[in-house]
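Start counting the sequence shown at 5; every next residue gets the next number (our numbering).
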Amino acid sequence: MEKIKLAYCPTRRDVFSREEAMKFNHILRQQLNEFDIDIIDLEGINQEKLLYQDSDIPAIIERFSLAKVDAVFFPHCNFGSENRVAQVAKALGVPVLIWGPRDDSPNHKGLRSRDSQCGMFATGKVLRRHNTPFTYLTNSWLGSDDFKNGFKKFIRVVSVVKSMKNLNILQISTRPEPFCSVICNENELIEKFNIHLYPITLNDLMLKREQIVQSSPKELIDTIDFIKKIDSIGDEEKIVRLASLKVAMKEMAKQYGCRAIAIQCWTSLQDILGIMPCSANALLTDEGIPTVCETDIHGAITAIMMQAITLGEDVPFFADITVRHPENDNGELLWHCGNFPYSLAKNKDIAKVGESIYHDNNYGINEWQLKDGDLTIARFDSDHGEYQLLIGEAQTIDGPKNVGSYVWIEVDNWPKWEHKLVEGPYIHHVAAIYGKYGEILHEACKYISPLTPDPLLSLQEIEKRWQ
């Protein structure tokens, strides 16, 4: 994924120590080099490299706008200039972070040098008056873990917000006829979120696949070699069909500039090609192109958001919420025929690509259980034009073996989850990623209008993680 591009706009006010503000700006700017982001600062705008006078505002806005920054950070190096902060933030229209360092003790005369906390109270008020959403990190010591952890969280928030901008999704065929639950409103997705669908037919995909087979590019050879390592059938022709399908899907996604794919995975594809696409979906997801089943466009959007949480360092998986655990009342099965990424398999030594027991023994499903760990689970969905993001967290647990790809999870209160999923606006499809990131998704919704967060974890827990 592209690095986050951060506008660094430290601020001060004349009443408080100019020297202290410049000192803290220099130290903080050096510390930000520890993070893997691109930083655009105020170098050359004025000698102090600080936002403190009105005459600099046009040049600051122009610099950040031309750089196409993803977010702006306003560290309050002393009290700060709340009105100037709000003007810059409003003009940029990107996620905003405000934070200031804890103040030292007053000097021997009892005078304070910065009052950064007091200034942020004022900044929060003026940002709200400008209808500009912002993220606040608790006033903390410069260089502390509290600051570093909070700053990392904000970068993840920005990554999620960025993932929703200029998002193109490759739609391969229509939804399966019985799946009324995955109907989406393409017009609303464009109007509300600037999300664009690029629909192609299965025939388009088959023509591309035939071209791949005839030209035999290196990616096809590499994909065939990989599948053979985990194949359990030994049918060369089916392996080539599966590998060429994966390469064709990837090339068509690139052709239309799409970052995710939603495919009609059954039953026409089996009639045409005689295989399941599950393993192809898994391989593509592992390569950074989340690929979801049953032409679930909202599922593809969710998977993109989940991928962005980890800055592309981990991969999501797309799952059915399927059955309750036979012994654990708060346990549930996350399952699908076989689209879970190989990189997430718990035991790669026994992970295999095989044939489906559900679709006339068609080749191309994955047989493996996912690894242990914490999970964040989400669903972007809507009813009647109102869009919400379901946000939950879980832990993996032991459970009975299943065919296909699967993992058992435990949540704090399964009946609460079940009622939420049935009563809507959700369905049985979710996207998940390893790690606990519920507060990241919740905060990101501030900047993705008109998307309302719908957390299954408590607001008290979300607020606690930002303190």
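Cβ coordinates follow ideal geometry from the N, Cα and C atoms, glycine included.
Values in this document were obtained by computation on a predicted structure and should not be read as measured data.
Please report the residue range of the beta strand (DSSP E) in which Ile267 lies.
One-based indexing of the sequence shown puts residue 267 at position 263. First-last of the beta strand (DSSP E) with Ile267: 264-267.
Can you tell which of Ser144, Leu10, Leu32 has the C-alpha that lies nearest to the C-alpha of Phe68?
For the purposes of this step, residue 68 is taken as residue 64 along the sequence shown, with counting starting at 1. Nearest C-alpha to Phe68: Leu10.
What did DSSP end up calling Ile313 once you bin it into helix, strand or coil?
What you label residue 313 is simply residue 309 of the sequence shown in a count that begins at 1. Ile313: helix per DSSP, three-state reduction.
Would Ile308 and Arg245 qualify as a contact pair, given that the criterion is a beta-carbon distance under 8 Å?
Indexing the sequence shown from 1 puts residue 308 at position 304. Indexing the sequence shown from 1 puts residue 245 at position 241. No, they are not a contact pair.
To the nearest angstrom, how far is it from the Cα of Ala252 to the Cα of Lys242?
By 1-based counting over the sequence shown, the position of residue 252 is 248. By 1-based counting over the sequence shown, the position of residue 242 is 238. Spanning the two alpha carbons is a distance of roughly 15 Å.
Given Ile1, which residues of its chain have a CB within under 8 Å of its CB, disregarding the five upstream and five downstream residues?
As displayed, the chain neither begins before 5 nor continues past 471, which places residue 1 out of reach and without an answer.
Buried or exposed by the 16-neighbour rule on C-beta atoms within 10 Å, applied to Tyr4:
Not covered by the structure: residue 4. The range shown for the chain is 5 to 471.
Host beta strand (DSSP E) of Gln392 (start-end)
Here residue 392 corresponds to residue number 388 of the sequence shown, with the count starting at 1. Element bounds for Gln392: 390-401.
Determine the direct distance from the alpha carbon of Trp372 to that of Ser409, and round the result to whole angstroms.
Translated into positions along the sequence shown, residue 409 becomes position 405. Translated into positions along the sequence shown, residue 372 becomes position 368. Near 5 Å, if we compare the C-alpha coordinates of Trp372 and Ser409.
For Leu249, which three-state DSSP category applies?
Stepping through the sequence shown from its first residue, residue 249 is reached at position 245. Of the three classes helix, strand and coil, the one that applies to Leu249 here is helix, per DSSP.
With H, G and I counted as helix, E and B as strand and the rest as coil, what does DSSP make of Ser283?
By 1-based counting over the sequence shown, the position of residue 283 is 279. Note: Ser283 maps to helix in three-state DSSP.
In angstroms, rounded to a whole number, what distance separates the CA positions of Gln34 and Trp145?
Here the question's residue 34 lines up with position 30 in the sequence shown. Here the question's residue 145 lines up with position 141 in the sequence shown. So the alpha carbons of these two residues sit roughly 15 Å apart.
For Asp42, which option in Gly84, Val100, Ile159, Lys27 has the closest C-alpha, if you only look at C-alpha atoms?
The residue you call residue 42 lines up with position 38 of the sequence shown. Ranking the options by Cα distance to Asp42, first place goes to Ile159.
Is Lys222 helix, strand or coil by DSSP?
Taking the sequence shown and counting its residues from 1, the one referred to as residue 222 is at position 218. It is helical.
Looking only at C-alpha atoms, which of Lys113, Leu96, His112 sits nearest to Thr136?
By 1-based counting over the sequence shown, the position of residue 136 is 132. In terms of Cα proximity to Thr136, the closest of Lys113, Leu96, His112 is Leu96.
Nearest-angstrom Cα distance between Ile228 and Ala247?
Here residue 228 corresponds to residue number 224 of the sequence shown, with the count starting at 1. Here residue 247 corresponds to residue number 243 of the sequence shown, with the count starting at 1. Rounded to the nearest angstrom, the gap between the Cα atoms of Ile228 and Ala247 is 6 Å.
Between which two residues does the alpha helix (DSSP H) carrying Asn153 extend?
For the purposes of this step, residue 153 is identified with residue 149 of the sequence shown, where counting begins at 1. In the DSSP assignment, Asn153 falls within the alpha helix (DSSP H) that extends over 149-167.
So the candidates are Val89, Pro281, His112; which of them puts its Cα closest to the Cα of Gly128?
The sequence position of residue 128 within the sequence shown is 124, counting from 1. Minimum Cα distance to Gly128 is reached at Val89.
Using only the alpha-carbon positions, how far apart do Asp275 and Ile204 sit?
Here residue 275 refers to the residue found at position 271 of the sequence shown. Here residue 204 refers to the residue found at position 200 of the sequence shown. Going by the C-alpha atoms only, they are around 18 Å apart.
Residues near Leu288 by beta carbon distance below 7 Å, same chain, minus five either side
Here residue 288 refers to the residue found at position 284 of the sequence shown. Closer than 7 Å at Cβ, skipping near neighbours: Lys250, Met253, Lys254, Ile265, Thr295.
Go ahead and label Phe77 buried or exposed: buried means 16 or more other beta carbons lie within 10 angstroms of its beta carbon, across all protein chains shown.
To locate residue 77, count along the sequence shown from 1; it is residue 73. The residue in question, Phe77, is buried, as its Cβ has 16 or more Cβ neighbours within 10 Å.
To which residues of the same chain is Ser185 closer than 7 Å at the C-beta, ignoring the five residues directly before and after it?
Residue mapping note: residue 185 aligns to position 181 of the sequence shown, counting from 1. Within the same chain, Ser185 has close Cβ partners Ile431.
Classification of Gly389 by the beta-carbon crowding that lies within 10 angstroms, buried from 16 upward
For the purposes of this step, residue 389 is taken as the residue at position 385 of the sequence shown. With fewer than 16 other Cβ atoms within 10 Å, it is exposed.
Beta-carbon proximity list for Asp353, same chain, < 7 Å, skipping 5 on both sides
Your numbering for residue 353 matches position 349 in the sequence shown. If the five residues before and after Asp353 are omitted, its C-beta is found closer than 7 Å to no C-beta atom of its own chain.
Given this structure, state the Cα-to-Cα distance separating Val434 from Asp324, to the nearest angstrom.
Translated into the one-based positions of the sequence shown, residue 434 becomes position 430. Translated into the one-based positions of the sequence shown, residue 324 becomes position 320. C-alpha separation (whole angstroms): 7 Å.
What does Thr380 pair with, by DSSP beta-bridge criteria?
If you number the sequence shown from 1, residue 380 lands on position 376. Glu397, Ile437.
Go to Ile31, then tell me how far its beta strand (DSSP E) extends in each direction, as first and last residue.
In the sequence shown, the residue the question calls residue 31 occupies position 27. Careful: Ile31 lies outside any beta strand (DSSP E), inside the alpha helix (DSSP H) at 22-35.
Cβ-based burial, Gln311 [other Cβ within 10 Å; buried from 16]
Numbered from its first residue, the sequence shown carries residue 311 at position 307. That one is buried.
Can you tell which of Asn143, Ile401, Lys375 has the C-alpha that lies nearest to the C-alpha of Glu331?
Taking the sequence shown and counting its residues from 1, the one referred to as residue 331 is at position 327. Residue Ile401 is the option with its Cα nearest to Glu331.
Just verifying my parser: in three-state terms, what is the DSSP assignment at Gly128?
As a working mapping, residue 128 is identified with position 124 in the sequence shown. Collapsing the DSSP output to three states places Gly128 in a helix.
Cβ contact check for the segment 163-183 and the segment 113-126: 3 or more pairs under 8 Å:
Result no; under three Cβ-Cβ pairs closer than 8 Å.
Cross-strand partners of Gly335 (DSSP beta bridge)
For the purposes of this step, residue 335 is taken as the residue at position 331 of the sequence shown. For Gly335, which the question treats as bridged, DSSP gives the partners Glu414.
Ends of the beta strand (DSSP E) at Lys9?
Taking the sequence shown and counting its residues from 1, the one referred to as residue 9 is at position 5. Element bounds for Lys9: 9-12.
Between the CA atoms of Tyr346 and Trp412 - distance to the nearest angstrom
For the purposes of this step, residue 412 is identified with residue 408 of the sequence shown, where counting begins at 1. For the purposes of this step, residue 346 is identified with residue 342 of the sequence shown, where counting begins at 1. Cα-Cα distance, rounded: 17 Å.
What is the residue span of the alpha helix (DSSP H) that His446 lies within?
Here residue 446 refers to the residue found at position 442 of the sequence shown. Per DSSP, His446 belongs to the alpha helix (DSSP H) from 442-448.
In or out: Asn191 buried (at least 16 other Cβ within 10 Å) or exposed?
If you number the sequence shown from 1, residue 191 lands on position 187. Looking at its Cβ environment, which holds fewer than 16 other Cβ atoms inside 10 Å, Asn191 is exposed.
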